[in-house]
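Worksheet for the structure shown next.
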DNA sequence: TGGCGTTATGTCTGAGGTAACATAACGTCT
DNA sequence: AGACGTTATGTTACCTCAGACATAACGCCA
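Protein chains in written order, with my numbering: chain H, 17 to 144; chain B, 17 to 144.
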């Protein structure tokens, strides 16, 4: 048994950013290209572009500074706003998964799935 | 901006239980009827039943002890296994949301959505 | 015996999120 | 001029899952 958790941030009750979009921004930052970043995550470029646009619309400012054409065909870099949001989210999420894991171990450390125990009051072979 | 989080537990990489299913089990425990519990959460009985079956299949043992017919038309109670899983999950989740909120405030407490700042190097009116 | 409220189960639909397909435009380099 | 790799964008298809609909069976009670 494994604990799972997900953390994200909303703005005006609309999804702003979460772990997957952050992964995308990290990849763009590292690779300098939205297309390459999408490919690395196994996303379609179209989808990745849409996610970035959605974020930019909610922030009311661009997340990527992009150019089509030019050396290498063009590329995308993070804007200062995109960079800052990325870094803040990374700090936000850092360690939280570990806290979840610790609490899970505290609570479920001595838990055994009961089919390894002998059941006491169990009607015999009443399988549906 | 609001932090959001979700916690659940998997077993053999398959979804076992999370906040919504726990809500259902709590309601069954309180009301003594799966149908009434589903109604309280706004679920269809069919859907609630399916969720419980899925959990039981993964646990390899029943979660509810049910009877059709009888006083009140029948009903469902939690099995000991269901009860224990419910209680452990409740302990697991308790307080975690608060920890998330605290970390969010630490990291984003002084964050201002940038359209309230004056941008420095911004091409004028380059709207798409 | 018929009504009632429940459990049990098969089947179908709808919505959201993801991916795929198809273009167009851009700028550099050969 | 043409090839290349990128950004930009509309449209379509799909897949999962939440939920609805329909039906049967059960056991008490009037």
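A virtual CB, placed ideally from N, CA and C, is assigned to each residue, including glycine.
Extent of the continuous beta strand (DSSP E) to which residue i belongs
i: residue 32 of chain B; result: 30-33
Residue i: first and last residue of the uninterrupted alpha helix (DSSP H) it sits in
i: residue 71 of chain H; result: 61-75
i: residue 112 of chain B; result: 112-124
i: residue 57 of chain B; result: 50-57
Bridge partner(s) assigned by DSSP for residue i
i: residue 94 of chain H; result: H:80
i: residue 22 of chain H; result: B:22
Residues of its chain near residue i, where Cβ-Cβ distance is below 8 angstroms and the 5 sequence neighbours each way are ignored
i: residue 72 of chain B; result: 78, 79, 80
i: residue 95 of chain H; result: 77, 78, 79, 80, 81
i: residue 112 of chain H; result: 21, 23
i: residue 97 of chain B; result: 75, 77, 78, 79
i: residue 29 of chain H; result: none
i: residue 17 of chain H; result: 124, 127, 129
i: residue 35 of chain B; result: 22, 23, 24, 109
Cut-off 7 angstroms between Cβ atoms - residues of its own chain near residue i, not counting five sequence neighbours on either side
i: residue 37 of chain B; result: 67, 71
i: residue 33 of chain H; result: 24, 25, 71, 101, 105
i: residue 27 of chain H; result: 74
i: residue 39 of chain B; result: 57
i: residue 41 of chain B; result: 94, 98, 102
Beta-carbon proximity list for residue i, same chain, < 6 angstroms, skipping 5 on both sides
i: residue 31 of chain B; result: none
i: residue 54 of chain H; result: 61, 64
i: residue 45 of chain H; result: 94
i: residue 116 of chain B; result: 19, 21
i: residue 114 of chain H; result: none
Residue i beta carbon near the ligand GDP (any heavy atom closer than 7 angstroms)
i: residue 31 of chain B; result: What this structure holds is no ligand at all, so the ligand GDP is not there to describe.
**Message:** When you compare the segment 79-87 of chain B with the segment 97-107 of chain H, are there three or more beta-carbon pairs, one atom per stretch, that lie closer than 8 angstroms?
**Reply:** no
**Prompt:** Three or more C-beta pairs closer than 8 angstroms, one from the segment 104-124 of chain B and one from the segment 118-125 of chain H: is that the case here?
**Reply:** yes
**Message:** Quick check: the segment 53-62 of chain H against the segment 19-29 of chain H, are at least 3 beta-carbon pairs closer than 8 angstroms?
**Reply:** no
**Message:** I want to know whether the segment 41-56 of chain B touches the segment 88-98 of chain B - three or more CB-CB distances under 8 angstroms.
**Reply:** yes
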